[in-house]
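Colleague: Below is a structure I'd like to ask you about.
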Amino acid sequence: MYSFVPTGVCAKQILFDVTDGIIHDVKFVKGCPGSLAAISKLLEGKPVEDIIPVLKGTTCGTKNTSCPDRLAEALEEIQNGNAAQYEVKPATSGFNPFA
């Protein structure tokens, strides 16, 4: 599972998984709920290499970026071997904030 904290957009966090180059379980925290839920459904099971060019450069209103554009940015970073900065790691101290 990956976690990306975008800047300049309404979403506060983007969670997703990539397995063998295929995207799964995309969830946007905050943002436009209907649109982002639809985008998440449309992306499910798609190859990352196909998603990036479709989402990259998408703008929102007067902004020069968007939530989908930021997701493309994170996917590009992962594709370029920079996945470690986005990986969600389990707590090692035994503390579970969800318990």
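Residue numbers (our numbering): 848 to 946. Glycine included, every Cβ here is placed at the ideal spot set by N, Cα and C.
1. Measure the beta-carbon distance from valine 873 to serine 887 and round it to whole angstroms, keeping in mind my assumption that it falls under 8 Å.
2. Tell me which same chain residues have a C-beta within less than 6 Å of the C-beta of phenylalanine 851, skipping the five on either side of it?
3. From what residue to what residue does the alpha helix (DSSP H) around valine 876 run?
4. Can you find the residues in the same chain that come closer than 8 Å, C-beta to C-beta, to isoleucine 869, ignoring five residues on each side of it along the sequence?
5. Pick out whichever of Val935, Gln926, Cys914 and Asn927 has its Cα sitting closest to the Cα of alanine 885.
Modeller: Here's the rundown:
1. 4 Å
2. Ile861, Ala921 and Tyr933
3. Here valine 876 belongs to no alpha helix (DSSP H); instead the beta strand (DSSP E) covers 869–876.
4. Gly892, Lys893, Pro894 and Val895
5. Cys914
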